[in-house]
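Take a look at the structure set out below.
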Amino acid sequence: MATIKELSRKPDLLSGGHRLCAGCGASIAVRQVLLGANTPVVAGSATGCLEVSSTPYPFTAWKVPFIHNAFENSAATISGVEAAYQALKRKGKIDKDIKFVAFGGDGGTYDIGLQSLSGAMERGHNMVYVCYDNGAYMNTGIQRSGATPFGAATTTSPAGKVRAGKPQQRKDLTQIIAAHNIPYAAQASISHWKDLIKKAEKAFTVDGPAFINVLAPCPRGWRVGNDETIEIAKLAVQTGFWPLYEVEDGEWTLNFKPKELKPLVDFLKPQGRFRHLFKPGNEQVLEEFQFQINKNWEMLKKRCGVE
Ligand SMILES: Cc1ncc(C[n+]2csc(CCOP(=O)(O)OP(=O)(O)O)c2C)c(N)n1
Ligand code: SF4
Ligand SMILES: [Mg+2]
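In terms of the working numbering, the sequence shown opens at residue 223 and continues consecutively.
Structural data, given as structure tokens:
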């Protein structure tokens with residue numbers, strides 16, 4: 223991996239002055255991922271906060287060629303561009319080494335773009351897909367998605383007298399994509415930047431499809447201060463809510479192995495979207511959530527061969 227000095231000399235491929243909220247995890251995720259690229263990159267993004275706020279016509283914050291996409295087809299678009307590049311290469315019309323990366327939010331990846339992502343991974347395109355997971359459809363007003371955590375309050379899973387936020391568990395997209403048997407699939411967090419940049423480097427280097435699921439907190443939807451983005455992402459990892467791991471050619475590795483996980487409440491308590499869980503009467507929802515985290519952590523450790 224590049225040293226800090228080398229990284230600091232690399233150009234910033236997403237400029238400042240975009241219209242994402244202050245403290246938004248999405249722009250941090252993009253910057254860290256693009257630092258992992260050592261060749262020219264072509265990027266695309268599904269509709270969502272990242273795309274809407276970084277490309278308000280006629281402006282763009284992207285310093286790499288960028289393709290504006292619909293909500294559901296970022297993976298399909300980038301896979302098509304990669305196929306065109308391969309055809310031009312075969313005809314001898316291009317000889318540059320170029321990498322292709324598609325970004326999508328959790329709504330655009332776990333839900334509406336899952337089919338196009340699955341297809342692109344299965345067809346074996348030489349491309350990277352990065353999901354920036356902020357746990358809801360933030361751009362349209364914080365609606366629940368397949369990535370929204372159990373118990374979280376959103377505008378379509380509100381907390382009230384009948385329900386304590388979202389009643390379902392989040393789907394495990396990283397494992398779903400790993401099950402495509404692609405060369406590289408990983409889970410990362412913007413709080414662990416070295417780990418993330420290293421994973422991006424690997425993803426850009428492998429021959430074939432690569433996928434990285436990046437936890438990218440949204441201060442607005444998580445109801446935390448916009449100076450707390452990194453801290454809350456760190457707690458997600460330290461409590462086991464968001465384990466860091468990678469799957470390389472079927473080999474599972476746990477990248478962050480604390481002696482003991484912090485209690486889940488350390489991650490939940492600072493966030494307004496979980497405030498209701500700390501009111502009397504919701505103790506068993508908290509217990510259930512902690513139980514799910516423990517169970518998933520044990521299963522993951524087994525898969526990674528960790529005692
Ligand atoms: C087919 C379609 N349905 C709905 C929308 C409206 N829409 C635009 S962005 C968005 C939410 C995106 O959520 P996510 O992918 O999680 O990204 P985030 O906004 O959280 O960054 C929705 C529902 C759309 N653009 N296209
Ligand atoms: S609403 Fe959330 S995801 Fe959207 S720009 Fe603001 S902080 Fe980022
Ligand atoms: Mg989202």
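The beta-carbon is built from N, C-alpha and C at its ideal position, and this holds for glycine as well.
None of these values were measured; they are calculated from a predicted model.
Identify, in the order they occur along the chain, each residue of the same chain with its Cβ nearer than 8 Å to the Cβ of residue 420, setting aside the five sequence neighbours on each side.
In the sequence shown, counting from the first residue as 1, residue 420 sits at position 198. Only 223, 258 meet the Cβ criterion.
For ligand 4, which residues count as neighbours when the test is a C-beta closer than 7 Å to any heavy atom?
Summarising the ligand content, the structure contains ligand 1, ligand 2 and ligand 3 and does not contain ligand 4.
DSSP has residue 318 in a bridge; who is on the other side?
Along the sequence shown, one-based indexing puts residue 318 at 96. Residue 318 is not bridged to any residue.
The alpha helix (DSSP H) enclosing residue 417, as first and last residue numbers
One-based indexing of the sequence shown puts residue 417 at position 195. It spans 415-427 - the alpha helix (DSSP H) in which residue 417 sits, taken as one unbroken run.
When burial is assigned at 16 or more other CB atoms within 10 Å of the CB, is residue 323 buried or exposed?
If you number the sequence shown from 1, residue 323 lands on position 101. So residue 323 counts as buried.
Going by the C-beta, is residue 433 closer than 6 Å to any heavy atom of ligand 1?
Numbered from its first residue, the sequence shown carries residue 433 at position 211. For ligand 1, not one heavy atom lies less than 6 Å from the Cβ of residue 433.
How would you label residue 308, buried or exposed, when you count the other beta carbons within 10 angstroms and need 16 or more for buried?
Sequence index remark: in the sequence shown, residue 308 carries index 86 (1-based). So residue 308 ends up on the exposed side.
Tell me whether residue 533, by its Cβ, gets closer than 6 Å to a heavy atom of ligand 3.
This structure gives no information on residue 533, because the portion of the chain shown stretches from 223 to 529.
Beta-carbon separation of residue 525 and residue 464 under 7 Å?
Along the sequence shown, read from residue 1 onward, the residue named residue 525 stands at position 303. Along the sequence shown, read from residue 1 onward, the residue named residue 464 stands at position 242. In this structure, residue 464 does not lie closer than 7 Å to residue 525 by Cβ.
Less than 8 Å between the CB atoms is what I'm expecting for residue 399 and residue 430, so what's the real figure, rounded?
Sequence index remark: in the sequence shown, residue 399 carries index 177 (1-based). Sequence index remark: in the sequence shown, residue 430 carries index 208 (1-based). The C-beta distance from residue 399 to residue 430 rounds to 13 Å, too long to fall under 8 Å, and the pair is not in contact.
Between residue 363 and ligand 3, is there a pair consisting of the residue's CB and a ligand heavy atom that are separated by less than 6 Å?
In the sequence shown, the residue the question calls residue 363 occupies position 141. Answer for residue 363: no, Cβ out of range of ligand 3.
Taking 7 Å as the cut-off, decide whether the C-beta atoms of residue 393 and residue 332 are in contact.
For the purposes of this step, residue 393 is taken as the residue at position 171 of the sequence shown. For the purposes of this step, residue 332 is taken as the residue at position 110 of the sequence shown. For the pair residue 393 and residue 332, the CB atoms are nearer than the 7 Å cut-off.
Assuming residue 444 and residue 495 are in contact, meaning their beta carbons sit under 8 Å apart, how far apart are those beta carbons, in whole angstroms?
Locating residue 444 in the sequence shown gives position 222, where the first residue counts as 1. Locating residue 495 in the sequence shown gives position 273, where the first residue counts as 1. Yes, they are in contact, since the Cβ atoms of residue 444 and residue 495 sit about 6 Å apart, within 8 Å.
For residue 507 and residue 513, I'd like the C-alpha separation in whole angstroms.
Along the sequence shown, read from residue 1 onward, the residue named residue 507 stands at position 285. Along the sequence shown, read from residue 1 onward, the residue named residue 513 stands at position 291. Taking the straight line joining both Cα atoms gives about 10 Å.
Just to confirm the assignment, what range does the beta strand (DSSP E) spanning residue 433 have?
Reading the sequence shown from its first residue, position 211 is the one you call residue 433. Run containing residue 433: 432-437, per the beta strand (DSSP E) assignment.
Counting Cβ pairs, one atom from each stretch, are 3 or more of them under 8 Å apart for the stretch 242-250 and the stretch 285-295?
The stretch 242-250, when compared against the stretch 285-295, does not touch it at the 8 Å Cβ threshold.
Check for me: the alpha helix (DSSP H) holding residue 451 runs from which residue to which?
Position 229 of the sequence shown, counting from 1, holds the residue named residue 451. It spans 451-460 - the alpha helix (DSSP H) in which residue 451 sits, taken as one unbroken run.
Rounded straight-line distance, which links the Cα of residue 501 to that of residue 284:
For the purposes of this step, residue 284 is taken as residue 62 along the sequence shown, with counting starting at 1. For the purposes of this step, residue 501 is taken as residue 279 along the sequence shown, with counting starting at 1. Spanning the two alpha carbons is a distance of roughly 44 Å.
Which one or two residues does DSSP pair with residue 292 in a beta bridge?
The sequence position of residue 292 within the sequence shown is 70, counting from 1. Partner(s): none; residue 292 has no beta bridge.
What residues match up with residue 365 in a beta bridge as DSSP calls it?
The residue labelled residue 365 in the question sits at position 143 within the sequence shown. Its beta-bridge partners are 359.
Cβ shell of residue 365 (< 7 Å), same chain only, five flanking positions each side left out
Numbered from 1 along the sequence shown, position 143 holds the residue referred to as residue 365. 358, 359, 376, 377, 378.
Quick one: what's got a C-beta closer than 7 Å to residue 424's C-beta in the same chain, skipping five residues either side?
As a first step, residue 424 is located in the sequence shown; it is residue number 202 there, counting from the start. Sequence-distant partners of residue 424 (beyond 5 residues in either direction) whose C-beta falls short of 7 Å from its own C-beta, in its chain, are 406.
Quick check on the burial criterion: 16 or more other C-beta atoms within 10 angstroms. Buried or exposed for residue 265?
Position 43 of the sequence shown, counted from the start, is the residue given in the question as residue 265. With 16 or more other Cβ atoms within 10 Å, it is buried.
Give a single yes or no on whether residue 317 has its beta carbon closer than 6 Å to a heavy atom of ligand 3.
Your numbering for residue 317 matches position 95 in the sequence shown. No, the Cβ of residue 317 stays beyond 6 Å of every heavy atom of ligand 3.
Residues bridged to residue 409 [DSSP beta-bridge criterion]
Numbered from 1 along the sequence shown, position 187 holds the residue referred to as residue 409. Bridge partners of residue 409: 435, 467.
Identity of the residue in 330, 351, 342, 382 nearest residue 369 by Cα
To locate residue 369, count along the sequence shown from 1; it is residue 147. Among 330, 351, 342, 382, the Cα nearest to that of residue 369 is on 330.
Between residue 294 and residue 347, how many whole angstroms is the CB-CB distance? I'm expecting something under 8 Å.
To locate residue 294, count along the sequence shown from 1; it is residue 72. To locate residue 347, count along the sequence shown from 1; it is residue 125. Their Cβ separation, rounded to whole angstroms, is 17 Å, which puts residue 294 and residue 347 out of contact at 8 Å.
Less than 6 Å between C-beta atoms, sequence neighbours within five positions excluded: which residues of the same chain meet that for residue 418?
In the sequence shown, counting from the first residue as 1, residue 418 sits at position 196. Same-chain partners within the cutoff: 254, 410.
Does the Cβ of residue 329 lie closer than 6 Å to at least one heavy atom of ligand 1?
Start at 1 with the first residue of the sequence shown, and residue 329 comes out as number 107. Yes - ligand 1 has a heavy atom lying nearer than 6 Å to the Cβ of residue 329.
DSSP three-state assignment for residue 560, whether helix, strand or coil
The displayed coordinates of the chain run from 223 to 529. Any statement about residue 560 would go beyond what the structure contains.
Residue 327 by DSSP, collapsed to three states: which one?
Position 105 of the sequence shown, counted from the start, is the residue given in the question as residue 327. The answer is strand: DSSP assigns residue 327 an E or B state.
Hey, quick one: how far does the beta strand (DSSP E) through residue 267 stretch, first residue to last?
Sequence index remark: in the sequence shown, residue 267 carries index 45 (1-based). First-last of the beta strand (DSSP E) with residue 267: 263-267.
Please classify residue 490: does DSSP put it in a helix, a strand, or coil?
Here residue 490 refers to the residue found at position 268 of the sequence shown. In the structure shown, residue 490 sits in a helix (DSSP, three-state: H, G or I).
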